[in-house]
Amino acid sequence: METLESELTCPICLELFEDPLLLPCAHSLCFNCAHRILVSHCSTSKPLESISAFQCPTCRYVITLNHRGLEGLKRNVTLQNIIDRFQKASISSPNSPTESRRLQPPQRPYTATISGTIAGTVGGGGWWNEWKQRPQQPGHFQPLPPARQPHQPR
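The numbering of the sequence shown is this note's numbering, which starts it at 43 and goes up by one.
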C-alpha cells in the first residue's frame with residue numbers, strides 16, 4: 043500500500059493529491075499547489091491573471107495556460123477516484139501509514155521560486171541537488187552514445 047500511496051502523492055505538498063490537475067506532460071498536481079506555483083511567479087507589478095505559463099515541477103515541461111488559467115487545465119478525475127477509494131480502504135484498516143502520517147507535520151517543506159524550481163529542505167539532498175543542476179534551457183540535450191551497428195548476416 044505504501045508504494046501505491048507514493049504514486050498518489052503530490053510532488054509539491056507531499057500529501058495525497060487533492061483536486062488533481064492533469065498537465066499536458068501527463069504529470070499531475072493539486073489545484074492548490076499549481077496555484078501556489080503561479081502566485082510565486084507574481085510580482086507587485088504583474089497580476090496573477092497575466093501569468094501564461096509555468097514549469098511542471100516533475101519534468102520541467104513548460105505548461106502553457108490559455109485565457110482560463112488553471113481552470114483551463116483538465117481535472118484528473120480518474121486519479122481523484124483512485125485516491126478516494128484508497129482513503130476509504132486506509133480508514134477501514136487501522137494503523138495504516140496514511141493515517142499515522144496525518145498526525146505528523148510534513149517532513150519536507152518547500153518553497154516555489156520565480157525561476158520555477160523548488161527550493162527547500164529535502165531529506166538527504168542527493169536527488170534534489172542532481173535535479174537542480176539539470177539544464178533548464180529548451181533544446182539543450184545531452185549527446186547519445188554511438189549507436190551499435192545492426193547485425194549483418196554473412
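Even for Gly, the Cβ is constructed at its ideal location relative to N, Cα and C.
Just so you know, these numbers come straight off a predicted model, no measurement behind them.
I'd like to confirm the pairing. Which residues does DSSP put opposite residue i in its beta bridges?
| i | result |
| --- | --- |
| Val104 | Gln97 |
| Ser70 | Leu64 |
| Arg117 | Leu63 |
| Leu58 | Thr51 |
Just to confirm before moving on: does the CB-CB distance between residue i and residue j stay below 8 Å?
| i | j | result |
| --- | --- | --- |
| Cys52 | Cys98 | no |
| Phe59 | Leu112 | no |
| Phe96 | His83 | yes |
With a cut-off of 8 Å on the beta carbons, I'd call residue i and residue j a contact; round off their distance for me.
| i | j | result |
| --- | --- | --- |
| Cys75 | Cys55 | 5 Å |
| Pro62 | Leu107 | With 8 Å as the limit, Pro62 and Leu107 do not qualify as a contact, their Cβ atoms being about 17 Å apart. |
| Leu71 | Lys116 | The pair is not a contact, with the Cβ atoms about 12 Å apart (cut-off 8 Å). |
| Thr133 | Leu50 | In the sequence as presented, Thr is not what sits at residue 133; that position holds Ile. At roughly 15 Å, the Cβ-Cβ gap does not stay under 8 Å, so Ile133 and Leu50 are not in contact. |
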